[in-house]
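Asker:
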Amino acid sequence: MYVRLAFSVAAHLEPDIFIVDEVLAVGDLAFQKKCLGKMDDVGKSGRTLLFVSHNNSAIKSLCSRGIYLERGLIAADGEVTDVVDSYLSNAYHGKYESLVDLERLKECDAAGFRIDSIEVCNLSRPERQLCSGDDIQFRVNYKFTGSNPSPALIFSIKNSYGVEVCRFSNLPFSGVVLELKDRGVIELTIPNLPLTKGTYYVDLGYAHQNVERYFTVEALIRLDIGGADVYGSGFELDESRGVVWMAHSWNSV
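Per numbering that gives the first Met the number 0, the sequence shown starts with residue 0, numbered consecutively.
1. K196 bridges to which residues according to DSSP?
2. Please name the residue, chosen from S123, L179, F137, I135, that lies closest to T144 on a Cα-to-Cα basis.
3. What residue ranges within the stretch 153–185 form continuous alpha helix (DSSP H) runs of no fewer than 4 residues, ordered along the chain?
4. To the nearest angstrom, how far is it from the Cα of S146 to the Cα of A206?
5. So which of L203, R124, V176, R113 has the shortest CA-CA distance to C165?
6. Do you know offhand how far S192's Cα is from S52's?
7. Please return the same chain residues whose Cβ sits closer than 8 Å to the Cβ of D15, not counting the five positions on each side in sequence.
8. If you count every other CB in all the chains shown that lies within 10 Å of the CB of M245, and 16 or more means buried, which is it?
9. Can you name, in chain order, every residue of its own chain whose Cβ lies under 7 Å from the Cβ of S97, other than the five neighbours on each side?
10. Based on the DSSP output, what are the partners of E118 in its beta bridges?
11. Counting Cβ pairs, one atom from each stretch, are 3 or more of them under 8 Å apart for the stretch 186–200 and the stretch 153–162?
12. Cα-Cα, which of C62, V184, R212, V19 is closest to A109?
13. Express the C-alpha separation of E13 and L122 in angstroms, rounding to a whole number.
14. Tell me the rounded alpha-carbon separation between R240 and G111.
15. What do you reckon, are the CB atoms on A227 and C120 nearer than 8 Å?
16. Could you tell me whether the Cβ atoms of G233 and L49 are closer together than 8 Å?
17. Check whether the Cβ atoms of G132 and V229 sit closer than 8 Å, and answer yes or no.
18. Going by Cα to Cα distance, which pick from L72, K59, P190 is closest to D81?
19. Relative to the ligand MG, is the shortest distance from any of its heavy atoms to the C-beta of I58 smaller than 7 Å?
20. Can you tell me whether DSSP reads A74 as helix, strand or coil?
21. Where does the unbroken beta strand (DSSP E) through L98 begin, and where does it stop?
22. Taking C-alpha atoms, which residue in I220, S248, H247, V210 lies nearest to R138?
23. Is G36 helix, strand or coil when you go by DSSP?
24. Near G225, what residues of its chain come up, given a Cβ to Cβ distance below 7 Å and the 5 sequence neighbours on each side ignored?
25. On a Cα-Cα basis, can you pick out the residue from G231, R124, V175 that is closest to P190?
26. Go to L48, then tell me how far its beta strand (DSSP E) extends in each direction, as first and last residue.
27. Residues in the same chain with beta-carbon distance under 7 Å from I185, minus the five sequence neighbours each way, listed in chain order, please.
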């Protein structure tokens with residue numbers, strides 16, 4: 000209530016320099032939308048808006064220049080998209096090294112097929128946290144000494160409540176036959192990641208034509224998906240507003 004009142008008074012005064020500090024961290028969606036609209040008006044009117052926030056989507060939507068502070072010092076200063084990318088790169092650097100459960104990875108060994116390592120890659124912006132809308136790739140490094148003319152690798156993505164959101168399998172769903180070598184890499188690429196902000200877990204299975212299961216390892220990979228302004232509205236989507244997002248359009252006729 001105090002924050003709403005303070006913001007309303009400050010906005011009504013129409014100052015030449017408008018300083019807003021984490022106002023989007025409080026209030027409901029309607030209040031946040033009103034704040035974004037008012038701050039956008041301030042910027043378009045030629046006045047100065049100093050917006051302090053961890054909401055990267057709102058920052059990119061409202062600001063043309065960004066300043067990234069690290070321990071009280073300026074770590075980056077420049078075009079807002081470049082500064083936000085610098086912040087995300089530093090904040091999440093190396094995080095994906097611990098996403099794969101190495102103990103559970105040892106269970107990925109059956110019928111002559113063994114997985115040595117799995118890489119989770121952000122193809123859109125390497126070394127940055129995976130976010131909604133990014134292109135993601137799983138790279139499975141394996142060894143094969145068995146005989147399986149129709150191998151199937153199954154990825155099942157579940158939300159934090161254990162509900163399966165989607166499943167990927169080269170056979171029979173995708174109709175892709177994998178030619179296994181003695182050593183090799185299997186790649187699964189998902190463009191425009193449709194998951195909203197939140198934590199997800201990936202089960203991995205290996206089978207013959209997705210019928211005879213040789214192994215299934217649950218929660219082998221943890222995905223921490225960051226939010227993104229996928230609709231260009233200044234708002235990020237999270238699991239409270241659905242676990243997936245879809246490209247769409249509105250029209251009134």
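Beta carbons: idealized from backbone N, C-alpha and C, even for Gly.
Answerer: Put simply:
1. The residue labelled residue 196 in the question sits at position 197 within the sequence shown. K196 pairs with D237.
2. Taking the sequence shown and counting its residues from 1, the one referred to as residue 144 is at position 145. Looking at the Cα atoms, L179 is the closest of the given residues.
3. none
4. Position 147 of the sequence shown, counted from the start, is the residue given in the question as residue 146. Position 207 of the sequence shown, counted from the start, is the residue given in the question as residue 206. Using only the alpha carbons, I get a separation of about 12 Å.
5. On the sequence shown, position 166 is the one that residue 165 refers to. The shortest Cα separation from C165 among L203, R124, V176, R113 belongs to L203.
6. In the sequence shown, counting from the first residue as 1, residue 192 sits at position 193. In the sequence shown, counting from the first residue as 1, residue 52 sits at position 53. Strictly speaking, residue 192 in this sequence is Leu, with Ser absent from that position. One C-alpha to the other measures close to 25 Å.
7. For this step, residue 15 is matched to residue 16 along the sequence shown. Taken in chain order, the residues that qualify are R46, T47.
8. Start at 1 with the first residue of the sequence shown, and residue 245 comes out as number 246. Its Cβ having fewer than 16 others within 10 Å, M245 is exposed.
9. Counting from 1 along the sequence shown, the entry for residue 97 is found at position 98. With a pLDDT of 45 at S97, under the threshold of 50, the modelled position of this residue cannot be trusted; read the value that follows with caution. Taken in chain order, the list of residues that qualify is empty.
10. Here residue 118 is taken as the residue at index 119 of the sequence shown, counted from 1. BP columns for E118 point to R138.
11. yes
12. Locating residue 109 in the sequence shown gives position 110, counting from the first residue. Comparing Cα-Cα distances from A109 to each of C62, V184, R212, V19, the minimum goes to R212.
13. One-based indexing of the sequence shown puts residue 122 at position 123. One-based indexing of the sequence shown puts residue 13 at position 14. Roughly 43 Å between the two C-alpha positions.
14. The residue labelled residue 240 in the question sits at position 241 within the sequence shown. The residue labelled residue 111 in the question sits at position 112 within the sequence shown. Rounded to whole angstroms, R240 to G111 spans 43 Å at the Cα level.
15. Within the sequence shown, numbered from 1, the residue matching residue 227 stands at position 228. Within the sequence shown, numbered from 1, the residue matching residue 120 stands at position 121. No.
16. Sequence index remark: in the sequence shown, residue 233 carries index 234 (1-based). Sequence index remark: in the sequence shown, residue 49 carries index 50 (1-based). Against a cut-off of 8 Å, the Cβ pair of L49 and G233 comes out as no contact.
17. Within the sequence shown, the letter at position 133 stands for residue 132. Within the sequence shown, the letter at position 230 stands for residue 229. The answer is yes: Cβ separation under 8 Å.
18. Here residue 81 refers to the residue found at position 82 when the sequence shown is read from its first residue. Of the candidates L72, K59, P190, the one whose C-alpha sits nearest the C-alpha of D81 is K59.
19. For the ligand MG, the structure offers nothing, since it holds no ligand at all.
20. For the purposes of this step, residue 74 is taken as the residue at position 75 of the sequence shown. Strand, per DSSP.
21. If you number the sequence shown from 1, residue 98 lands on position 99. That residue, L98, is in no beta strand (DSSP E); it is neither H nor E in DSSP.
22. Stepping through the sequence shown from its first residue, residue 138 is reached at position 139. Answer by Cα proximity: I220.
23. Locating residue 36 in the sequence shown gives position 37, counting from the first residue. Three-state DSSP puts G36 in a helix.
24. Taking the first residue of the sequence shown as 1, we reach residue 225 at position 226. Closer than 7 Å at the Cβ level, and outside the excluded window around G225, lie Q128, L129, C130, K196.
25. Taking the sequence shown and counting its residues from 1, the one referred to as residue 190 is at position 191. Of the listed residues, the one whose Cα sits closest to P190 is R124.
26. Taking the first residue of the sequence shown as 1, we reach residue 48 at position 49. First-last of the beta strand (DSSP E) with L48: 47–51.
27. In the sequence shown, residue 185 corresponds to position 186, counting from 1. The answer, listed in chain order, is V139, Y141, L152, L177.
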